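Below is one structure, written out as structure tokens; the observations come after it.
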Amino acid sequence: METLGTMHHLIQTSMLNTQEIHTILSRANTLAKQNLYPQTLKNKTIITAFFENSTRTLSSFEIAAKNLGAKVIRLDVSRSSTSKGETIADTAANLNAMHPDAIIIRHKNAGAPEHLARFITCPIINGGDGARAHPTQALLDLLTIANHYHQENLNSSSINLNLKGKRIGIIGDIKNSRVANSNLELLPRFGLNITLIAPPHFLPKTNLPTSHSLKDCIDKLDILMSLRTQTERHSAQVYGSLKDYAKDFCIRKEMLKDRDIILLHPGPVHHNIDLADDLFLDNRCKILNQVSNGVLVRMAVIEHCLGIKI
Ligand code: ASP
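Add 825 to a position in the sequence shown, counting from 1, and you land on the number used in the numbering used here.
Here's what the structure looks like:
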């Protein structure tokens, strides 16, 4: 029987304490075992308002909400009144007046979800804001890593998220990546050691170890998370070409050899720039596990944000 508890926004991973993260990810693993999903969101209405392009995150949230029985209304941004000059605040206030149970938003401007939250009385879930945060991506990355190292998670009712001593290299346009930002906040809380690997123009200011050479640090890594060059966020091209970048930072099979290492990427992948084609079928590549885990994590996140107690 579900009851309603406190509602929450999810704008950044830092809004979740460790206990809440355990609850959400353990719930995601429990949902993975269900033949029929519980209809915990029956009679709930969820609006998705994606003001920036998306393939995985939008469909993943919509499938997640529908799996649990919610009605999902997608704001068709290209046909919405935003294109007639309506402010995002007015759009938000109008959507709110239709009494949705949650709004999931993606926006090119960092801070847009908080801005919207001022005009809205239901939970806001951030599906990615500018280069700043993508909390559900980091949660699904953490789940993918934890389930790989603790395969007992899949058969147990509790979840082990202790990744102490595991070493992850985040490679690519880290400076402009909201995926990196959310992972930089989340992963160290579970014991992961992070090295940032990128050319100087893609590195943020940081106290973490950094490297300009994947070859030099690959022996010291258990996990590689590759990130797409965020060309849409560059005001000017500060690098030669993506092909030049690929020479040093594309992950290739001959570089991995038979190393015991797993590969992650949030997608979309720049083929043969981020990751060589022949690695997609390698069983160390966990990209499609990430996508499957994404639906489960978002189911659990929506329940959490709506305050549904199981
Ligand atoms: N899909 C991820 C995001 O929305 C990563 C990317 O676009 O490169 O941030």
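Just so it is clear, CB atoms sit at the ideal spot from N, CA and C, and this is done for glycine as well. Every value quoted in this text rests on a predicted model; they were computed, and no experiment measured them.
Considering just the uninterrupted stretch of the beta strand (DSSP E) at residue i, what are its terminal residues?
i            : result
residue 876  : Run containing residue 876: none; DSSP gives neither H nor E here.
residue 1118 : Element bounds for residue 1118: not the beta strand (DSSP E) but the alpha helix (DSSP H), 1112-1131.
residue 1004 : Not the beta strand (DSSP E): residue 1004 falls in the alpha helix (DSSP H), residues 1003-1011.
residue 996  : 992-996
residue 896  : 896-900
Which term fits residue i, buried or exposed, when burial requires 16 or more other beta carbons within 10 angstroms of its beta carbon?
i            : result
residue 923  : exposed
residue 981  : exposed
residue 1007 : buried
residue 1055 : buried
residue 912  : exposed
residue 1125 : buried
residue 951  : buried
residue 914  : exposed
residue 904  : exposed
residue 972  : buried
residue 1111 : buried
What residues in its chain sit with their C-beta under 8 Å from that of residue i, if we drop five residues either side in the sequence?
i            : result
residue 920  : 872, 874, 900, 928, 945
residue 1047 : 991, 992, 993, 1085, 1086, 1087
residue 956  : 935, 1000, 1001, 1002, 1003, 1006, 1055, 1058
residue 832  : 947, 948, 1130, 1131, 1132
Taking residue i as part of the alpha helix (DSSP H), name the residues at either end of that continuous run.
i           : result
residue 854 : 843-857
Taking 7 Å as the limit between beta carbons, can you name the residues of its chain near residue i, skipping five residues before and five after?
i            : result
residue 1063 : 1026
residue 847  : 984, 986
residue 926  : 869, 870, 871, 947, 1131
residue 862  : 856, 892, 893
residue 1067 : 1054, 1095, 1098
residue 881  : 1092, 1116, 1119
residue 1121 : 853, 856, 857
residue 918  : 944
residue 1013 : 1019
To which residues of the same chain is residue i closer than 6 Å at the C-beta, ignoring the five residues directly before and after it?
i            : result
residue 1145 : Examination of residue 1145 is not possible in this model, given that the chain is present from 826 through 1135 alone.
residue 1119 : 885, 965
residue 1033 : 1019, 1021
residue 1077 : 1101
Secondary structure, beta strand (DSSP E): runs of 3+ residues fully inside the segment 1016-1092:
1018-1022, 1048-1051, 1087-1089, all fully within the segment 1016-1092.
Runs of 3 residues minimum, wholly inside the segment 917-984: which ones carry the beta strand (DSSP E) assignment?
Those beta strand (DSSP E) runs which fall completely within the segment 917-984 and span 3+ residues are 927-932, 949-954.
For review: beta carbons within less than 7 Å of any heavy atom in the ligand ASP
This criterion selects 879, 881, 882, 953, 959, 962, 1002, 1003, 1004, 1052, 1053, 1055, 1091, 1092, 1093.
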